[in-house]
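Chemist:
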Amino acid sequence: MKNISNSTLNDTVILPRFDRHKLQSRIVHLGFGAFHRAHQALYTSELLDKENADWGICEVNLFGGEALIHSLRAQSHLYTVVEKGASNTKIKISGAVHESLHPNLDGIEAILEKMAEPQVAIVSMTVTEKGYCVDPATGQLDVKNSMVVHDLENPRAPKSMLGYIVMALRVRRERHLAPFTVLSCDNIQENGHVARSAILAFARLQDSELADWIEKNVTFPCTMVDRIVPAATEEMLSELATFVGIDDPCGIACEPFRQWVIEDNFVSGRPNWDLVGAQFVSDVVPYEEMKLRMLNGSHSFLAYLGYLAGYENISDTMTDMYFKKAAYDMMMFAQAPSLTMPEDTDLKAYAQSLIERFSNPSLKHRTWQIAMDGSQKIPQRFGGSLRYHLAQGGDLKWIALGIAGWIRYVSGVDEKGNLIDVCDPLLDTLKAIYDTHEQHVSIVPAILSIETIFPSDIGQNPQVISAVSNAYQSLLSMGAKATVAAL
Ligand code: NAI
Ligand code: CS2
Numbered sequence: 048m049k050n051i052s053n054s055t056l057n058d059t060v061i062l063p064r065f066d067r068h069k070l071q072s073r074i075v076h077l078g079f080g081a082f083h084r085a086h087q088a089l090y091t092s093e094l095l096d097k098e099n100a101d102w103g104i105c106e107v108n109l110f111g112g113e114a115l116i117h118s119l120r121a122q123s124h125l126y127t128v129v130e131k132g133a134s135n136t137k138i139k140i141s142g143a144v145h146e147s148l149h150p151n152l153d154g155i156e157a158i159l160e161k162m163a164e165p166q167v168a169i170v171s172m173t174v175t176e177k178g179y180c181v182d183p184a185t186g187q188l189d190v191k192n193s194m195v196v197h198d199l200e201n202p203r204a205p206k207s208m209l210g211y212i213v214m215a216l217r218v219r220r221e222r223h224l225a226p227f228t229v230l231s232c233d234n235i236q237e238n239g240h241v242a243r244s245a246i247l248a249f250a251r252l253q254d255s256e257l258a259d260w261i262e263k264n265v266t267f268p269c270t271m272v273d274r275i276v277p278a279a280t281e282e283m284l285s286e287l288a289t290f291v292g293i294d295d296p297c298g299i300a301c302e303p304f305r306q307w308v309i310e311d312n313f314v315s316g317r318p319n320w321d322l323v324g325a326q327f328v329s330d331v332v333p334y335e336e337m338k339l340r341m342l343n344g345s346h347s348f349l350a351y352l353g354y355l356a357g358y359e360n361i362s363d364t365m366t367d368m369y370f371k372k373a374a375y376d377m378m379m380f381a382q383a384p385s386l387t388m389p390e391d392t393d394l395k396a397y398a399q400s401l402i403e404r405f406s407n408p409s410l411k412h413r414t415w416q417i418a419m420d421g422s423q424k425i426p427q428r429f430g431g432s433l434r435y436h437l438a439q440g441g442d443l444k445w446i447a448l449g450i451a452g453w454i455r456y457v458s459g460v461d462e463k464g465n466l467i468d469v470c471d472p473l474l475d476t477l478k479a480i481y482d483t484h485e486q487h488v489s490i491v492p493a494i495l496s497i498e499t500i501f502p503s504d505i506g507q508n509p510q511v512i513s514a515v516s517n518a519y520q521s522l523l524s525m526g527a528k529a530t531v532a533a534l
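According to this note's numbering, the residues represented by the sequence shown are 48 to 534, in order.
1) How is Ala-371 classed by DSSP in three states: helix, strand or coil?
2) Just list the alpha helix (DSSP H) runs in the region 356–426, keeping only unbroken ones of 4 residues or longer that don't cross its boundaries, in chain order.
3) Along the chain, where does the beta strand (DSSP E) containing Leu-554 start, and where does it finish?
4) In terms of DSSP beta bridges, what is Gly-103 paired with?
5) Whose C-alpha, out of Phe-501, Leu-109, Ala-143, is nearest the C-alpha of His-68?
6) Nearer than 7 angstroms: is that true of the beta carbon of Lys-424 relative to any heavy atom of ligand 2?
7) Using a Cβ-Cβ cutoff of less than 8 angstroms, which residues in the same chain neighbour Glu-164 once the five nearest sequence positions on both sides are dropped?
8) If you run the structure through DSSP and keep just helix, strand and coil, what is Asp-273?
9) From Met-194, His-86, Ala-288, Glu-262, pick the residue whose C-alpha is nearest to that of Ala-325; which is it?
10) Would you kindly report the start and end of the unbroken alpha helix (DSSP H) that includes Lys-478?
11) What distance in whole Å lies between the Cβ atoms of Glu-176 and Gln-423, which are believed to be in contact at a cut-off of 8 angstroms?
12) Tell me whether Glu-156 is buried or exposed, calling it buried when 16 or more other Cβ atoms sit within 10 Å of its Cβ.
13) Does the beta-carbon of Gly-112, which I'm using as the reference point, lie nearer than 7 angstroms to any heavy atom of ligand 1?
14) Alpha carbon to alpha carbon, how far is Val-314 from Tyr-334?
15) Looking at ligand 1, does it come within less than 7 angstroms of Val-276, judged from the CB to the closest heavy atom?
16) Tell me whether Lys-69, by its Cβ, gets closer than 7 angstroms to a heavy atom of ligand 1.
17) Looking at the secondary structure, which residues open and close the beta strand (DSSP E) in which Ala-300 lies?
18) Give me the residue from Ser-409, Val-195, Leu-109 with the minimum Cα distance to Asp-153.
19) Can you list, in chain order, the residues of its chain with a C-beta nearer than 6 angstroms to that of Glu-310? Leave out the 5 residues immediately preceding and following it.
20) Closer than 7 angstroms to a non-hydrogen atom of ligand 2 - does that hold for the CB of Asp-321?
21) Per DSSP, which residues does Gln-326 bridge with? Please list them.
22) Can you tell me whether Leu-83 sits near ligand 2, meaning its C-beta is under 7 angstroms from at least one heavy atom of the ligand?
23) Can you tell me which of Ser-92, Thr-91, His-223, His-149 puts its alpha carbon nearest to the alpha carbon of Ser-118?
24) Any idea which residues DSSP pairs Met-172 with across the strands?
25) If you follow the alpha helix (DSSP H) that Val-128 is in, where does it begin and where does it stop?
26) Answer yes or no: do His-436 and Ile-361 have a C-beta to C-beta separation smaller than 8 angstroms?
27) Consider the C-beta atom of Ile-535 and the heavy atoms of ligand 2; say whether any pair is separated by less than 7 angstroms.
28) Does DSSP put Ile-61 in a helix, a strand or coil?
29) Is Val-229 near ligand 1, in the sense that its beta carbon is under 7 angstroms from a heavy atom of that ligand?
30) By alpha-carbon positions, which one of Arg-317, Leu-466, Thr-289 ends up nearest to Val-60?
31) Could you tell me how far apart the beta carbons of Gly-112 and Thr-173 are, in whole angstroms, since I believe they sit closer than 8 angstroms?
32) Within the same chain, show all residues whose beta-carbon is closer than 6 angstroms to that of Ala-215, passing over the 5 residues directly before and after it, in chain order.
33) What is the DSSP secondary structure of Lys-191, counted as helix, strand or coil?
34) In the DSSP output, which residue or residues are listed as bridge partners for Trp-141?
Next comes the structure, spelled out in structure tokens:
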């Protein structure tokens, strides 16, 4: 996509109508990945079509994504979002992004200076669960994390999201500038609270006065973010080029559904995202828990077991009636009972809508992609419901099979003996345990002893060990397909 205004775009493409010259970088976003392009950045672009505002976004990729930033600049920061339903497709050009930075292209200082500019009101992020450098089970700062160690020693040349935010806030304080709001848009339970606690703990290790200032002046709203946005593939990009009429290496495909529930707690102003469908509420936590347990929990279940059963995409798992039923039952019987929701919430309708979304054959969402980083995802997707059922004497079988599926998956060898490309920050630890136990049920208590994933009330609980061991044994003897069918 060279210059969008001179190009021959397909005439069904929806273009931004607002004047992009008036944009200012009032939002700096860390993590120009797949999700943000189809979610926050598009909400903002659509809002700018509705009201006269200057909420421009400066994109920053702290890790990787250098080529993407290059391409984005070459196309004036415009890119395509293709919303693919089961039977209809909408193509939009997103226009709120107007600047971008990358440490390898522009240097760390340029990013810190941008974050310290007076007009910046929000620093938002989608940096994945591991970007928070916290212990996944407790959400507390992991002081042994190598990036945290590095950034504490080199505060003016940070690598981590925490290091950048704390240094930028330090500069703002020194310059007597207003603080910005830190807006986490990652799939983390109480994401704002986790961001706050990690940032404060990190700042306190450097300078307690700075930490006090941040505590008093900066806000960290929680958000529930939802839209299924698979990683871009060559196939998707070439299909997109056919739809749009030109190549767009920054283009992204997603489902039509989107949801964004935001705690209304912004210290230096915010866009009126509610004008384009976001909801501002006083307490996001119930919505976050609902989504993380029902959507993401069943996603992880389908990802591990589906991958082992030979299904490439989530929509493929939905063509297997046993997987479809297991996913629905998991939502309704394992996850939904553990939630405390506002009275008018219809969890059955929610579960049905999730099954429909997972079944969308137009989206190729790889089980392998969702299976990534399980050590970071499992505590918030399975931990809460597990505790609930242990306390209530409920049935553990769905969650136990989800955890057993993950343990079997991280062995790195599938049911046909092929290698699995396992991506996880704890891979070395998991490998060391597999080297000792191999694929034997004795591995279950060993993996459940990793306290950063399974605190002792879960990992040392005999009922949990027994339920996960039975499920793991079944995966070894019958395989994933038959185990899910027998559920
Ligand atoms: P992606 O892989 O396309 O992008 C990941 C982004 O995170 C990149 O911009 C990368 O620079 C950054 N990053 C990775 N590791 C980092 C680290 N250690 N520190 C700082 N930045 C780091 O992934 P995608 O799809 O954009 O998802 C990102 C996050 O967004 C997810 O982990 C999840 O929390 C959230 N999300 C994703 C959804 C999806 O369907 N893709 C939907 C809802 C939320
Ligand atoms: C998925 C999520 O990759 C994963 O772990 O479960 O990215 C999921 O697609 C989104 O949360 C949907 O909003």
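For each residue, glycine too, the CB sits at the ideal point set by N, CA and C.
Modeler: In brief:
1) Numbered from its first residue, the sequence shown carries residue 371 at position 324. The identity of residue 371 in the sequence shown is Lys, whereas the question assumes Ala. Note: Lys-371 maps to helix in three-state DSSP.
2) Counting only runs of 4 or more, we get 361–364, 368–376, 394–406, 414–418, 421–425.
3) Nothing can be reported for residue 554: it is not among the residues displayed for the chain, which extend from 48 to 534.
4) Translated into positions along the sequence shown, residue 103 becomes position 56. Ser-72, per the DSSP bridge assignment.
5) Numbered from its first residue, the sequence shown carries residue 68 at position 21. With respect to the C-alpha of His-68, the residue from Phe-501, Leu-109, Ala-143 having the closest C-alpha is Ala-143.
6) Here residue 424 refers to the residue found at position 377 when the sequence shown is read from its first residue. Lys-424 has its CB nearer than 7 angstroms to a heavy atom of ligand 2.
7) If you number the sequence shown from 1, residue 164 lands on position 117. In its chain, beyond the 5 residues on either side, Ser-72 have a beta carbon closer than 8 angstroms to the beta carbon of Glu-164.
8) The residue you call residue 273 lines up with position 226 of the sequence shown. In the three-state scheme derived from DSSP, where H, G and I count as helix and E and B as strand, Asp-273 is classed as strand.
9) Residue 325 sits at position 278 when you count from the first residue of the sequence shown. The shortest Cα separation from Ala-325 among Met-194, His-86, Ala-288, Glu-262 belongs to His-86.
10) Within the sequence shown, the letter at position 431 stands for residue 478. Lys-478: member of the alpha helix (DSSP H) spanning 474–484, first to last residue.
11) Position 376 of the sequence shown holds residue 423. Position 129 of the sequence shown holds residue 176. The pair is a contact, with the Cβ atoms about 4 angstroms apart (cut-off 8 angstroms).
12) Against the sequence shown, residue 156 aligns to sequence position 109. Under a 10 Å Cβ-count criterion, Glu-156 is classified as exposed, with fewer than 16 other Cβ atoms of the shown protein chains found around its own Cβ.
13) On the sequence shown, position 65 is the one that residue 112 refers to. Result yes, Cβ under 7 angstroms from ligand 1.
14) Here residue 314 is taken as the residue at index 267 of the sequence shown, counted from 1. Here residue 334 is taken as the residue at index 287 of the sequence shown, counted from 1. In this structure, the alpha-carbon of Val-314 lies about 22 angstroms from that of Tyr-334.
15) Along the sequence shown, one-based indexing puts residue 276 at 229. Flag set: Cβ of Val-276 near ligand 1.
16) Within the sequence shown, residue 69 is the residue found at index 22, counting from 1. Result no, Cβ not under 7 angstroms from ligand 1.
17) Reading the sequence shown from its first residue, position 253 is the one you call residue 300. Where Ala-300 is concerned, the enclosing beta strand (DSSP E) stretches over 299–301.
18) Locating residue 153 in the sequence shown gives position 106, counting from the first residue. The shortest C-alpha to C-alpha distance from Asp-153 to any of Ser-409, Val-195, Leu-109 is the one to Leu-109.
19) Locating residue 310 in the sequence shown gives position 263, counting from the first residue. In its chain, beyond the 5 residues on either side, Pro-268, Cys-269, Val-331 have a beta carbon closer than 6 angstroms to the beta carbon of Glu-310.
20) Stepping through the sequence shown from its first residue, residue 321 is reached at position 274. Not under cutoff, so the answer is no.
21) Within the sequence shown, numbered from 1, the residue matching residue 326 stands at position 279. Gln-326 is bridged to Val-308.
22) Taking the first residue of the sequence shown as 1, we reach residue 83 at position 36. It is His, not Leu, that sits at residue 83 in the sequence shown. Result no, Cβ not under 7 angstroms from ligand 2.
23) In the sequence shown, counting from the first residue as 1, residue 118 sits at position 71. Of the listed residues, the one whose Cα sits closest to Ser-118 is His-149.
24) Locating residue 172 in the sequence shown gives position 125, counting from the first residue. Answer is Leu-77, Ser-231.
25) Locating residue 128 in the sequence shown gives position 81, counting from the first residue. Per DSSP, Val-128 lies in no alpha helix (DSSP H) segment; the continuous beta strand (DSSP E) that holds it begins and ends at 126–131.
26) As a first step, residue 436 must be located in the sequence shown, where it is residue number 389. As a first step, residue 361 must be located in the sequence shown, where it is residue number 314. The Cβ-Cβ distance between His-436 and Ile-361 does not fall below 8 angstroms.
27) Missing from the structure shown is residue 535; the chain here goes from 48 to 534 and no further.
28) As a working mapping, residue 61 is identified with position 14 in the sequence shown. In this structure, Ile-61 counts as strand in the three-state DSSP scheme.
29) As a position in the sequence shown, residue 229 is number 182, starting the count at 1. Taking the Cβ of Val-229 as the reference point, every heavy atom of ligand 1 lies at 7 angstroms or farther away.
30) Residue mapping note: residue 60 aligns to position 13 of the sequence shown, counting from 1. Comparing Cα-Cα distances from Val-60 to each of Arg-317, Leu-466, Thr-289, the minimum goes to Thr-289.
31) Start at 1 with the first residue of the sequence shown, and residue 112 comes out as number 65. Start at 1 with the first residue of the sequence shown, and residue 173 comes out as number 126. So it is not a contact: roughly 12 angstroms between Cβ atoms.
32) The residue given as residue 215 occupies position 168 in the sequence shown. Excluding sequence neighbours, Ala-215 sits near Leu-159, Met-162, Ala-163.
33) Walking along the sequence shown from the start, residue 191 turns up at place 144. Coil at Lys-191, not helix or strand.
34) As a working mapping, residue 141 is identified with position 94 in the sequence shown. According to the sequence shown, residue 141 is Ser rather than Trp. Paired residues: Tyr-126.
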